[in-house]
Structures are given as structure tokens and as C-alpha cells.
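In what follows, a structure is listed as C-alpha cells, so that the remarks can point back to it.
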Amino acid sequence: MANDFKKRLKRTAVLSLVALVIGSGIGVYQIANRNSVVVEKAGRPAAMAGGQQVGGSFTLTDHNGKAISSEDFSGQYKLIYFGFTSCPAICPTELQKITAVMKELPVQTAEKIQPLFITVDPERDTAEVLKNYVSLFHPRLIGLTGSQEEIDTVLAAYHVYASKVQEEGMSDYTMDHSSFIYLTDPDNKLITLYRIQDTVVHMTRDIQARVAAAH
Ligand code: NI
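Okay, structure coming up:
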């Protein structure tokens, strides 16, 4: 009897160890996966490497509740940021950067550029919410929202990663999302992306050179 018990105990211990190894294996795998998303976010969207077209026309609703299409900004370049109004840190920082760049650019260049903020969280970011939010940044910044389907279409076209995250102990969800500032030409084709680490000075010089080069 005592031997039997020992055997059982041993087997339980072995099984626990196996479970532990599998468990931590899954943990490591999840961490690795999470890191790959971060790497992708810090670098360029994966699809860009494949030479796939990024960008394109869209029809959404502006912060005044009016339907607006990318073709309504005829002849203008666009500086686009995708984010959400309840974002605690990255979104306001990047929108502040766009505001600073628009102010730093020579007037003739700035006039050719339309800054846009497209929400990745249309469920909470209604036109009204966006209107209040964009007023904190550049006076020409336009906030855009739409139905979930409309937003999903634009996110896919621009290869934006966005995902709802419900953190434990938090009453409301947050959004995990990629963070790039897109510069597109008047035909809504991507010219370049600016990353979190790109400074106002770098962006201003780069945009100036690219927009001037187009003439
Ligand atoms: Ni954000």
C-alpha cells in the first residue's frame, strides 16, 4: 500500500512537471509572439516588404458628421494617423508631432497637405467625440470615423494593425494598434511612413523635400 502511494505520488509529480513545462512553453510562445508584433510595429508593416500597394481612396464621416471622401481633398497630400481618442500616450504624442510639423513647414508646403486622424475605435469615437479631440491639435486636423465595416476596410488598405484589448481589472477596453504617420500623395498612394522615433525636425525636412521634389 505504501509503495503504491509512493508510485502514485511520483506519477503525479511527473505529470505536474510535464504540465509546468508545457505551461511555460505556451507562455514563452505567447511572449515571443507578442514581441514579433512589437517588432513589426516598430519596423514597417510586414506587407510593405512584399511590395504590396498600401493606401487608397476611402469614404468616411468627418468630425462634423458629414460624409467625406479622400477625393474631396483634390490635389492635396495627406498626413494620416490612425489611433483612438482614449489612447493614453502614443496617439496624443503623434498628433502633437503632426501639429508641430504642419506649423514648421513653409506655408506653401503646409497648404498642400491635409492632416487626418482616422479612428481605429469607431465604437467609442463618434463624430462628436472626435470633434472635441481634434480641437486639441492642429486647426486643420480632420477627425474621421465610420461604421466598423468602413473603418476595417480602410485599416486593411493601409495595413494598420488594431485590436481590442480587455485588461483585467479595467472596466473599459483599450486598443492595441500600430503607430505610423502616413504621407500619401494626391492619388492616395503611400509615399512614406514616419515612425514614433522620427523627430519633428526630420519629418519637416523630409516632407518638404518630398513634396518639393514632386514639382
Ligand atoms: Ni494610441
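Just so we're aligned, residue 3 is where the sequence shown starts under this note's numbering, counting upward by one.
Note that beta-carbon positions come from the ideal geometry of N, C-alpha and C, so glycine has one too.
Note that the structure is a prediction, hence the values are computed from the model and not measured.
Of V167, E169, P188 and Y163, the smallest CA-CA separation from H179 is found for Y163. Between E130 and G67, the gap from beta carbon to beta carbon is short of 9 Å. Judged by DSSP secondary structure, Q210 falls outside any beta strand (DSSP E) and instead within the alpha helix (DSSP H) spanning V202 to A215. Secondary structure of I198 (DSSP, three-state): coil. Under the 10 Å beta carbon count, P124 is surrounded by 16 or more other beta carbons and is classified as buried. Judged by the Cβ position, I92 qualifies as a neighbour of the ligand NI at the 8 Å threshold, a heavy atom of the ligand being closer than this. With fewer than 16 other Cβ atoms inside 10 Å of its own Cβ, N134 counts as exposed.
Per the coordinates, the alpha-carbon of C93 lies some 15 Å from the alpha-carbon of V202. A buried status is given to I183, since no fewer than 16 other beta-carbon atoms sit within 10 Å of its beta-carbon. In the DSSP assignment, P117 falls within the unbroken beta strand (DSSP E) covering I115 to T121.
Judged by the Cβ position, G145 fails to qualify as a neighbour of the ligand NI at the 8 Å threshold, every heavy atom of the ligand being at least this far.
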